[in-house]
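Numbering (our numbering), first residue to last: 10 to 252.
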């Protein structure tokens, strides 16, 4: 990453601590605000991730930066009989726990508080690992990806869904206008934490995407790395595996 972006400019907390505080603060409003910000298209992107994972017929799945558990819940449509949703924010996890309980999915999904850069699992544990809109919040991207590679089984699938920046006209210009003015305004009007949505916008603009992130994944040791841009390039799905 060319520039380190943190949620709170005047805080002495490190990025990991700031991200935890931010998501704890906005956990109650996150789901509804997310639908507004993405115009609901994020549901379609998550469904594509589920399809990619389902095709591999996994028995167990780890969903990192699970947040309120949207992707973990959708992943119950796969053959997996055990899904772990891990997040650093207990506020987000608690919202997720309530959603999971209301859907009677407690027997399949377990929500765990934990650090993506120090995963509390043994080597070669999971058939599939997913991260939706979470890798750009890693304080140390390469360390987090190395941990994912460690706990992924050989032949397992790793899928990232992350924001990216359109490179074609006029989508590039439209995205800049939306991310610089509209997204922060929505956050300012509807969120109790104005800095949060400014951070989410700025962090997306500087995070490596496309071939740059592909190369980082290869450098870490992943194989069969591919990227699949979504909706004019405003998001990208990455798939990779382990030898």
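Glycine included, each C-beta is placed from N, C-alpha and C at the ideal position.
Three-state class that DSSP yields for residue i in the structure shown
i           : result
residue 200 : coil
residue 247 : strand
residue 174 : coil
residue 112 : coil
residue 193 : helix
residue 85  : helix
residue 124 : coil
residue 164 : strand
residue 11  : With a pLDDT of 42 at residue 11, under the threshold of 50, the modelled position of that residue is not reliable, and no figure is offered here.
residue 240 : helix
residue 91  : strand
residue 149 : coil
residue 132 : coil
residue 119 : strand
residue 157 : helix
Cβ pair residue i, residue j closer than 8 Å
i           : j           : result
residue 73  : residue 157 : yes
residue 105 : residue 173 : no
residue 175 : residue 116 : no
residue 144 : residue 169 : yes
residue 180 : residue 195 : no
residue 77  : residue 39  : yes
Residue interval of the beta strand (DSSP E) (run including residue i)
i           : result
residue 69  : 69-73
residue 138 : 135-141
Supposed close pair residue i, residue j - CB separation, criterion 8 Å
i           : j           : result
residue 147 : residue 171 : So it is not a contact: roughly 11 Å between Cβ atoms.
residue 97  : residue 84  : About 20 Å; that fails the 8 Å criterion.
residue 120 : residue 109 : 7 Å
residue 166 : residue 95  : Rounded, the Cβ-Cβ distance is 17 Å, inconsistent with contact.
residue 249 : residue 232 : 7 Å
residue 215 : residue 46  : About 18 Å separates the two Cβ atoms, so there is no contact after all.
residue 229 : residue 154 : 5 Å
residue 200 : residue 22  : At roughly 19 Å, the Cβ-Cβ gap does not stay under 8 Å, so residue 200 and residue 22 are not in contact.
residue 63  : residue 118 : Actually they are not in contact, since the Cβ atoms of residue 63 and residue 118 sit about 16 Å apart, beyond 8 Å.
First through last residue of the alpha helix (DSSP H) which encompasses residue i
i           : result
residue 41  : 24-47
residue 63  : 50-63
residue 18  : Unbroken run through residue 18: none, as it is neither H nor E.
residue 225 : 220-229
residue 187 : Here residue 187 belongs to no alpha helix (DSSP H), and DSSP marks it neither H nor E.
- Task: Please determine if the region 17-32 and the region 215-224 are in contact, where contact requires at least 3 C-beta pairs separated by less than 8 Å.
- Result: no
- Message: Does the region 158-170 come into contact with the region 181-199, if we say contact requires no fewer than three beta-carbon pairs (one atom in each stretch) closer than 8 Å?
- Response: no
- Query: Within the chosen definition, does the region 33-40 reach the region 55-64 through at least 3 CB pairs nearer than 8 Å?
  - Reply: no
- Would you check if the region 65-79 and the region 128-145 touch, i.e. whether three or more CB-CB distances between them fall below 8 Å? Counting Cβ pairs under 8 Å, three or more are found: they touch.
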